[in-house]
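Peer 1: Numbering-wise (the UniProt record's numbering), the sequence shown opens with residue 1 and increments by one.
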Amino acid sequence: MTTKKLSPLLIAVIIFVAALIAYLFYTFQDGTSKLPVMREAPAFTLQELDGTAFNLSDSLGKVMLIEFMFTSCPDICPATTYNMVLLQDELKKQGSFGENVQFAAITFDPNTDTPEVFAAYAERMGIDRSGWKLLRGEETYTIEKAREYGIAIQKLKDDQFVHTVTSLMLLDANHQIRKVYRMGEEMDNSAILKDINTLLKEK
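Structural data, given as structure tokens:
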């Protein structure tokens with residue numbers, strides 16, 4: 001009686017298929033899926049409400065959810081901040097908010113959004129400032145930085161602004177942009193929370 005030997009090619013195929021099955025199994029078991037890297041997040045230096053300089057690199061090692069906004073916005077910005085506060089509360093339950101995940105709100109209307117106005121907005125919206133960065137800078141600088149992030153902003157004659165509705169983005173711990181979301185009532189908080197947790201598992 002003779003025994004047939006498996007060819008090297010067949011062995012390689014079997015190993016590949018087994019590895020693929022194992023990968024898919026553990027991916028679905030974890031409930032995670034790889035988020036693509038879109039690009040490096042452009043660096044910036046802005047000021048916190050107390051005047052302290054904040055560089056994006058200061059939060060290296062933390063997953064960040066960043067919104068570009070202005071507090072006098074009548075609709076989409078406060079709706080976005082409200083949803084972010086709901087996400088903040090879920091992350092606090094998980095114990096990851098502040099330590100591993102940080103939120104940032106960057107105003108491109110610093111003339112209106114003085115530190116006092118911005119702080120009052122934060123309190124009104126329920127922002128937990130232990131895990132948020134509320135950031136200001138020169139108007140032209142901030143608008144230019146927003147454009148580097150792919151956000152179009154136009155200042156109107158009445159000093160109001162219109163801007164791209166995809167002004168909310170998720171950065172991983174290495175500050176690579178991994179996801180861009182629509183703002184306001186169209187936000188899917190469950191999907192965003194899942195994406196944040198996916199990035200936390202990469203750390």
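All residues carry an ideal CB built from backbone N, CA and C; glycine is no exception.
1) How is the beta strand (DSSP E) around Phe68 delimited, first residue to last?
2) Starting from Leu171, follow the beta strand (DSSP E) in both directions and report where the run begins and ends.
3) Under the rule that 16 or more other beta-carbon atoms within 10 Å means buried, what is Asp159, buried or exposed?
4) Anyone know if the C-beta pair for Met125 and Val63 falls short of 8 Å?
5) Hey, is the region 98-112 in contact with the region 54-71, meaning 3+ C-beta pairs nearer than 8 Å?
6) Can you look up Ala53 in the DSSP assignment and give me helix, strand or coil?
7) Given this structure, state the Cα-to-Cα distance separating Ile130 from Ala191, to the nearest angstrom.
8) Classify Lys194 as helix, strand or coil using the three-state DSSP reduction.
9) What would DSSP say about Glu90, mapped onto helix, strand or coil?
10) Using the beta-carbon count (16 or more within 10 Å), is Pro36 buried or exposed?
11) Leaving aside the five residues before and after Met183 along the sequence, list all residues of the same chain whose C-beta is less than 6 Å from its C-beta, in chain order.
12) Residue 205: which of Asn197, Leu135 and Pro78 sits nearest, CA to CA?
13) Do Arg136 and Phe161 have their beta-carbon atoms positioned less than 8 Å apart in this structure?
14) Which residues bound the beta strand (DSSP E) around Thr45?
15) What three-state label does DSSP hand Thr112 in the structure shown?
16) Figure out for me which residue from Leu87, Leu46, Gly150 and Leu193 has the closest Cα to the Cα of Pro115.
17) Compute the Euclidean distance between the alpha carbons of Leu199 and Thr107, then round it to the nearest angstrom.
18) Let me know the secondary structure DSSP gives Thr142 once reduced to three states.
19) Smallest Cα separation from Leu87: which of Thr71, Ala122, Asp109 and Ile127?
20) Using a Cβ cut-off of 8 Å (strictly closer), state whether Arg178 contacts chain D.
21) So, using beta-carbon positions, are Ile143 and Arg39 closer together than 8 Å?
Peer 2: So, from the listed chains and residues:
1) Val63 to Met69
2) Leu168 to Leu171
3) exposed
4) no
5) yes
6) strand
7) Here residue 130 is Ser; the residue named in the question, Ile, does not match the sequence. Each residue's Cα considered, the two are about 24 Å apart.
8) helix
9) helix
10) exposed
11) Ile76, Thr80, Val165, Ser167 and Leu168
12) Here the chain has residues from 1 to 203 only, and residue 205 is not among them.
13) no
14) Thr45 to Gln47
15) coil
16) Leu46
17) 26 Å
18) helix
19) Ile127
20) The structure shown has no chain D; it contains just one protein chain.
21) no
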